[in-house]
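Note sheet for the following structure.
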Amino acid sequence: MQTILGAGGAIGSELAKALGQQYTQKIRLVSRNPKKVNPTDELFAADLSNPADVDAAVAGSEVVYVTIGFEYKLSVWREKWPAFMRSVIDACAKHKAKLVFFDNVYMYDSAEIPHMTEESKMNPPSEKGKVRKQVIDMIFEAIKAKKINALIARSADFYGPGIGTSMLQETVSKNLQKDKAAQWIGGMDFKHSATYTPDAARATALLGNTPDAYDQVWHLPTYPDAPTGREWTELFAKEMNKKAKVSAIPKFMLKILGWFIPILGEVYEMTYQFEQPYFFDSAKFMKRFPDFKTTSYAEGIKEIVARG
């Protein structure tokens, strides 16, 4: 049995599809209201903030994938993430399940953002990043203590068809679709990598089913030729047959808008990622899995626009 905790999100559903196509028909989808992706999926309704529910969901699993996304709010992250990860680690140790954690780049030092690798220094400049580092430290402490085998599958900012949690799509493609100017946080002429969600899911499934991939960090495959904010807009506009209009959102404006639109206030502390080049290097993965095809930005955008 391979189990996905947080199966209903942008990555969880694509991961279930990838697992079902390539690796196993024994897949357990865990969330508050899980829905089948593959005909043979086992649905397991659970409150993942409850350790007893986590334990029951993990029981009988060989591999457990964590793709859950808690509300994007610092107070929620501080309350939910460490407690949840403790219950996941304990359950995996108890039931002898391997752990695959789908991660982001928030724990990296701001000076590492122009060229991030698996060896980049962890020194988070944001409060959300500090929570994320706390969770990563918990996993590696459990590995060191030989309680579990686990791997970190780390993604850049992501984009992909049919998702509503991509900042890139929310501020660029959706605005262009409405004949509005795209909006970009920070400098529009900095390169900015993004990981395509179907690629991320296929790669996470591959890592989870590769025995020697465990007990280390992997950057998920991300097309290397990162566009700038302006070029992202041009790529989307070209595919939509729209004018490539874009305006920058100044950092001070995010803070002001945050009083009225809370999510923008939560983004404020992450603006350092948009005030410099943002390059996510996945060479380690491509060296280990040279036959893996990574979707180009033009191909990914074409698919997003085609699927609405």
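Counted from 1, the sequence shown has number 127 at position 127 by UniProt numbering; the numbering is strictly sequential. The beta-carbon is built from N, C-alpha and C at its ideal position, and this holds for glycine as well.
*In its own chain, which residues sit with a C-beta less than 7 Å from the C-beta of A213, not counting the 5 before and 5 after it?*
Locating residue 213 in the sequence shown gives position 213, where the first residue counts as 1. The answer, listed in chain order, is L151, L207.
*Contained beta strand (DSSP E) runs [length at least 3] in the segment 158 to 240, N- to C-terminal order*: 182 to 185, 217 to 219
*Between the beta-carbon of R78 and the beta-carbon of V135, is there less than 8 Å?*
Counting from 1 along the sequence shown, the entry for residue 78 is found at position 78. Counting from 1 along the sequence shown, the entry for residue 135 is found at position 135. Contact flag unset, no.
*Going along the chain, which residues of its own chain have a beta-carbon closer than 8 Å to the beta-carbon of K121, five neighbours each way excluded?*
Along the sequence shown, one-based indexing puts residue 121 at 121. Only Y108, D109, A111, E112 meet the Cβ criterion.
*Which residue spans inside the segment 28 to 102 form an unbroken beta strand (DSSP E) run of at least 3?*
42 to 45, 63 to 66
*Where does S110 sit, in a helix, a strand or coil, going by DSSP?*
On the sequence shown, residue 110 is found 110 positions in, with the first residue counted as 1. Helix.
*What span of residues does the alpha helix (DSSP H) with R154 cover, start to end?*
For the purposes of this step, residue 154 is identified with residue 154 of the sequence shown, where counting begins at 1. Counting along the chain, R154 falls outside any alpha helix (DSSP H), though it belongs to the beta strand (DSSP E) covering 150 to 154.
_Residue interval of the beta strand (DSSP E) (run including A248)_ = The count along the sequence shown starts at 1 and reaches residue 248 at position 248. That run of the beta strand (DSSP E) goes 246 to 249.
*Backbone CA spacing between F84 and M240 [nearest angstrom]*: Locating residue 84 in the sequence shown gives position 84, counting from the first residue. Locating residue 240 in the sequence shown gives position 240, counting from the first residue. Between F84 and M240, the C-alpha separation is close to 41 Å.
*Per DSSP, what kind of secondary structure is Q134 in: helix, strand or coil?*
Position 134 of the sequence shown, counted from the first residue, corresponds to residue 134. Q134 falls in the helix class under three-state DSSP.
*Quick one: Cα of Y297 to Cα of G6, how far?*
For the purposes of this step, residue 297 is taken as the residue at position 297 of the sequence shown. For the purposes of this step, residue 6 is taken as the residue at position 6 of the sequence shown. Roughly 27 Å between the two C-alpha positions.
*F279 and T228: beta carbons closer than 8 Å?*
If you number the sequence shown from 1, residue 279 lands on position 279. If you number the sequence shown from 1, residue 228 lands on position 228. It is not a contact, given that the beta carbons lie outside the stated cut-off.
_Under 8 Å, with one C-beta from each stretch per pair, do the segment 221 to 235 and the segment 167 to 187 reach the 3-pair mark?_
yes
*Go ahead and pull the three-state DSSP assignment for Y278.*
As a position in the sequence shown, residue 278 is number 278, starting the count at 1. It is a strand residue.
*Range of the contiguous alpha helix (DSSP H) that encloses Q21*: As a working mapping, residue 21 is identified with position 21 in the sequence shown. Counting along the chain, the alpha helix (DSSP H) containing Q21 begins and ends at 10 to 22.
*Decide if E141 is buried, meaning its Cβ has at least 16 other Cβ atoms within 10 Å, or exposed.*
Looking up residue 141 in the sequence shown gives position 141. Result: exposed.
*Could you tell me which of F44, M116, D157, F70 sits nearest to V217, measuring between CA atoms?*
The count along the sequence shown starts at 1 and reaches residue 217 at position 217. The shortest Cα separation from V217 among F44, M116, D157, F70 belongs to M116.
*Which residues in the same chain as D103 place their Cβ atom closer than 6 Å to its Cβ, once the five residues preceding and following it in sequence are excluded?*
Start at 1 with the first residue of the sequence shown, and residue 103 comes out as number 103. Counting only Cβ-Cβ distances below 6 Å, and skipping sequence neighbours, we find I152, R154.
*By DSSP, does M122 sit in helix, in strand, or in coil?*
Counting from 1 along the sequence shown, the entry for residue 122 is found at position 122. Correct three-state label for M122: strand.
*Any 3 or more C-beta pairs closer than 8 Å across the segment 5 to 21 and the segment 58 to 71*: yes
*Three or more beta-carbon pairs under 8 Å between the segment 267 to 281 and the segment 246 to 258, yes or no?*
yes
*Which residue comes first and which comes last in the beta strand (DSSP E) that contains T3?*
To locate residue 3, count along the sequence shown from 1; it is residue 3. T3 -> beta strand (DSSP E) spans 2 to 5.
_For Q177 and M188, I'd like the C-alpha separation in whole angstroms._
Start at 1 with the first residue of the sequence shown, and residue 177 comes out as number 177. Start at 1 with the first residue of the sequence shown, and residue 188 comes out as number 188. Between Q177 and M188, the C-alpha separation is close to 19 Å.
*Find the nearest neighbour of A93 within the set D225, V58, P277, judged by alpha-carbon distance.*
If you number the sequence shown from 1, residue 93 lands on position 93. Checking every option, the nearest Cα to that of A93 belongs to V58.
*Just tell me which of A283, P250, I301, H219 has its CA closest to the CA of T233.*
For the purposes of this step, residue 233 is identified with residue 233 of the sequence shown, where counting begins at 1. Ranking A283, P250, I301, H219 by Cα distance to T233 puts I301 first.
*For A203, count neighbouring C-beta atoms within 10 Å of its own C-beta (all shown protein chains included) and say buried if the count is 16 or more, exposed if not.*
Your numbering for residue 203 matches position 203 in the sequence shown. Looking at its Cβ environment, which holds 16 or more other Cβ atoms inside 10 Å, A203 is buried.
_Inter-residue Cα distance where the pair is T3 and P82_ = Taking the first residue of the sequence shown as position 1, residue 3 is located at position 3. Taking the first residue of the sequence shown as position 1, residue 82 is located at position 82. The alpha-carbon atoms of T3 and P82 are separated by roughly 20 Å.
*Taking the DSSP output, what are the residues bridged to M116?*
Within the sequence shown, residue 116 is the residue found at index 116, counting from 1. Answer is F280.
*Would you mind reading off the limits of the alpha helix (DSSP H) that contains G300?*
As a working note, residue 300 is residue 300 in the sequence shown. Looking at the DSSP string, the run of the alpha helix (DSSP H) that includes G300 is 297 to 306.
*Does the Cβ of Q22 have 16 or more other Cβ atoms within 10 Å, making it buried, or fewer, making it exposed?*
Within the sequence shown, numbered from 1, the residue matching residue 22 stands at position 22. Exposed.
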